[in-house]
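Trainee:
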Amino acid sequence: MDVEPPARTLGSIGRIMEMITVPAGEVTLTDRRTQRNWTVEVASFLLAPVPVTRETGRLPLVDVSWQDALAFCNTLSEREGLTPVYQLDPPAWDRAANGYRLPSEAEWEHACRAGTTGPRYGPLDEIAWYRENSAESLHEVGRKAPNAWGLHDMLGNVWEWCWDVYDAEVYGEYRVLKGGGWFDEHWSCRASVRRRSHPTFRVDDVGFRLARSL
1 MDVEPPARTL
11 GSIGRIMEMI
21 TVPAGEVTLT
31 DRRTQRNWTV
41 EVASFLLAPV
51 PVTRETGRLP
61 LVDVSWQDAL
71 AFCNTLSERE
81 GLTPVYQLDP
91 PAWDRAANGY
101 RLPSEAEWEH
111 ACRAGTTGPR
121 YGPLDEIAWY
131 RENSAESLHE
141 VGRKAPNAWG
151 LHDMLGNVWE
161 WCWDVYDAEV
171 YGEYRVLKGG
181 GWFDEHWSCR
191 ASVRRRSHPT
201 FRVDDVGFRL
211 ARSL
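Mapping of the sequence shown onto UniProt numbering: residues 1 to 214, in sequence order.
1. What is the rounded straight-line gap between the Cα of residue 62 and the Cα of residue 205?
2. Quick one: what's got a C-beta closer than 6 Å to residue 22's C-beta in the same chain, skipping five residues either side?
3. Could you say which of 97, 33, 88 and 66 lies nearest to residue 214 if we only look at CA atoms?
4. Could you tell me the distance, in whole angstroms, from the CA atom of residue 195 to the CA atom of residue 78?
5. Using only the alpha-carbon positions, how far apart do residue 125 and residue 38 sit?
6. Counting only the same chain and skipping the five closest in sequence on each side, list residues whose C-beta sits under 7 Å from that of residue 208.
7. With distance defined between alpha-carbon atoms, name the residue in 115, 198, 19 and 76 nearest to residue 172.
8. Residue 210 and residue 86 - do their beta-carbons sit closer together than 7 Å?
9. For the putative contact between residue 184 and residue 131, defined by C-beta atoms under 8 Å, what is the C-beta separation to the nearest angstrom?
10. Where residue 219 and residue 74 are concerned, what is the direct C-alpha to C-alpha distance, given to the nearest angstrom?
11. Where do the N-terminal and C-terminal ends of the alpha helix (DSSP H) with residue 187 fall, by residue?
12. Mind checking who residue 83 pairs with in its DSSP beta bridge?
13. Would a C-beta distance cut-off of 7 Å place residue 154 and residue 181 closer than the cut-off?
14. Where does residue 67 land, buried or exposed, given buried means 16+ other C-beta within 10 angstroms?
15. Could you name the residues that DSSP lists as bridge partners for residue 42?
16. With distances taken from CA atoms, which of 49, 175, 59 and 83 is nearest residue 200?
17. Please state whether DSSP places residue 15 in a helix, a strand or coil.
18. Taking the alpha-carbon positions, what's the residue 152 to residue 139 distance?
19. How about residue 147 and residue 129: do their beta carbons lie closer than 7 Å?
20. With hydrogens ignored, establish whether the beta-carbon of residue 28 is closer than 6 Å to any heavy atom of the ligand GDP.
21. Helix, strand or coil: how does DSSP classify residue 100 here?
22. Can you say whether residue 163 is buried or exposed, counting buried as having 16 or more other CB atoms within 10 angstroms of its CB?
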């Protein structure tokens with residue numbers, strides 16, 4: 001799938017345009033590989049209650065790369081009369097723009113936790129599709145219980161692209177994925193878990209969720 005196909009799924013976006021206001025806060029991110037922790041202040045922002053879905057039905061859009069996701073955000077912004085956020089080559093984020101974008105890793109984890117401090121915002125079987133309950137397949141969005149801020153599928157079903165570089169010194173331009181997916185064991189479906197992948201990578205358990213700055 002090239003960049004163009006995700007842009008053709010814009011008809012599906014109408015169902016998730018009522019975005020949720022995530023309150024400002026603070027989140028401590030953790031990298032188990034390096035045993036490093038760092039705290040980030042997060043400003044209030046808007047986040048879609050579910051991942052982006054396919055043009056028909058309510059299954060998450062998958063097989064979409066990080067680069068595809070950026071192009072999708074720009075195309076949707078233009079359609080809605082908003083200022084596109086991204087320069088695509090080389091990638092850059094115009095933080096003054098009001099269009100659609102990917103959440104940062106800190107924004108994503110802050111939104112996922114919704115004020116909780118444990119590994120998950122609820123009992124895993126109630127909030128997530130993962131290997132033990134998914135029948136090893138993708139599921140429609142919004143079928144599991146949301147967190148306290150009304151966000152569904154933050155854990156399980158599909159991994160979600162974030163804006164951030166994972167670790168430039170070790171992995172170059174690889175980007176952060178969060179949330180766990182339908183094929184993952186329970187230990188991958190935790191708010192703090194980080195996965196990395198090349199920005200051109202596409203696979204059937206990776207999607208993304210729309211954000212906007214306030």
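Ideal Cβ placement from N, Cα and C applies to all residues, glycine included.
Mentor: In short, the structure shows the following:
1. Whole-angstrom Cα-Cα distance: 6 Å.
2. Closer than 6 Å at Cβ, skipping near neighbours: 45, 47 and 111.
3. Minimum Cα distance to residue 214 is reached at 97.
4. Cα to Cα, the separation comes out at about 30 Å.
5. Taking the straight line from one Cα to the other gives about 30 Å.
6. Excluding residues within five positions, the ones whose Cβ falls inside 7 Å are 51, 52, 64, 69, 102, 160 and 161.
7. Out of 115, 198, 19 and 76, 198 has the C-alpha closest to the C-alpha of residue 172.
8. At least 7 Å separates the beta-carbon of residue 86 from that of residue 210.
9. Between the beta-carbon of residue 184 and that of residue 131 there is about 6 Å, and that keeps the pair under the 8 Å contact cut.
10. Here the chain has residues from 1 to 214 only, and residue 219 is not among them.
11. Neither: residue 187 is in no alpha helix (DSSP H) and is coded neither H nor E.
12. DSSP output for residue 83 lists no bridge partner at all.
13. Cβ distance not < 7 Å, so residue 154 and residue 181 don't count as in contact.
14. Of the other Cβ atoms in all chains shown, 16 or more fall within 10 Å of the Cβ of residue 67; this residue is therefore buried.
15. When beta bridges are read from the DSSP output, residue 42 appears opposite 25.
16. When each option's Cα is compared against that of residue 200, the closest is 175.
17. At residue 15 the pLDDT is 45, less than 50, meaning the model places this residue with poor confidence and gives no usable figure here.
18. Annotation: residue 152 to residue 139 spans about 12 Å, alpha carbon to alpha carbon.
19. At the C-beta level, residue 147 and residue 129 stay beyond 7 Å of one another.
20. Summarising the ligand content, the structure contains no ligands, and the ligand GDP is consequently not present.
21. In this structure, residue 100 counts as strand in the three-state DSSP scheme.
22. Using a 10 angstroms sphere on the CB of residue 163, the tally of other CB atoms reaches 16 or more, which defines it as buried.
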